[in-house]
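**Student:**
In our numbering, the protein residues as written are 59 to 235.
(1) Does the beta-carbon distance from residue 204 to residue 165 come in below 8 Å?
(2) The beta strand (DSSP E) spanning residue 165 covers which residue range?
(3) Check whether the segment 139-153 and the segment 70-77 are in contact - that is, three or more C-beta pairs closer than 8 Å.
(4) With a 10 Å radius around its C-beta and 16 neighbouring C-beta atoms as the bar for buried, classify residue 68 as buried or exposed.
(5) For the segment 182-189 against the segment 156-171, do three or more pairs of beta-carbon atoms, one drawn from each stretch, fall closer than 8 Å, so that the two count as touching?
(6) Can you name the start and end residues of the alpha helix (DSSP H) that residue 149 belongs to?
(7) Roughly how many angstroms lie between the CA atoms of residue 214 and residue 102, to the nearest whole one?
(8) Quick check: what's the CA-CA separation for residue 180 versus residue 91?
(9) If we ignore side chains and look at the alpha-carbon of each, how far apart do residue 83 and residue 226 end up?
(10) Rank 61, 66, 59 and 93 by C-alpha distance to the C-alpha of residue 176 and give the top, closest one.
(11) I'd like the span of the alpha helix (DSSP H) that includes residue 131, first residue to last.
(12) Per DSSP, which one or two residues make a beta bridge with residue 62?
(13) Give the DSSP bridge partners of residue 86, in chain order.
(14) Within the continuous alpha helix (DSSP H) that includes residue 106, where are the two ends?
(15) According to DSSP, residue 208 sits in a beta bridge with which residue or residues?
(16) Can you tell which of 190, 117 and 209 has its C-alpha closest to the C-alpha of residue 63?
(17) Do residue 151 and residue 122 come within 8 Å of each other at the CB atom, strictly closer than that value?
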């Protein structure tokens, strides 16, 4: 199974992914952002760091194919902490994977804008950083364009969020924090 953790930058996707990885035997965390960094680092100068790497068709195509390959060839669970708010890109990756029979549990981690800004500052982001500038766009997309099981990270610990996901994915034997 693939457990996709979506949400604003700074909402807790990476920390939740780490907690899930500790809880799930034979699991792997895959970070699609690394493909974007690879592309930017290896493109010729005129193509480097132009906008959001999700806008690069190659990034979306590679991630779709790589995730599908892992799903078919890895006998374990794959945890993907990645923000996807563009409905077209969501359908191009997650929707297409689902159409191809890939089992994906898609969770949207949410918190208030104030909570997310506080977390971004706490992790070392500057005020008005790129991540902070994306919050309204993300929250709007999760409200109307992107579907998934929503979990409020503002009222739970990281372990509480991970336990809630475990319960939804693997059954009632898991206890909430």
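Don't be surprised by glycine CBs; every beta carbon is placed ideally from N, CA and C.
**Tutor:** The answer reads as follows:
(1) no
(2) 162-168
(3) yes
(4) buried
(5) no
(6) Segment: none, residue 149 is in no alpha helix (DSSP H) and carries neither H nor E.
(7) 44 Å
(8) 21 Å
(9) 17 Å
(10) 66
(11) 115-131
(12) 138 and 164
(13) 136
(14) Counting along the chain, residue 106 falls outside any alpha helix (DSSP H), and DSSP gives it neither H nor E.
(15) 166
(16) 209
(17) yes
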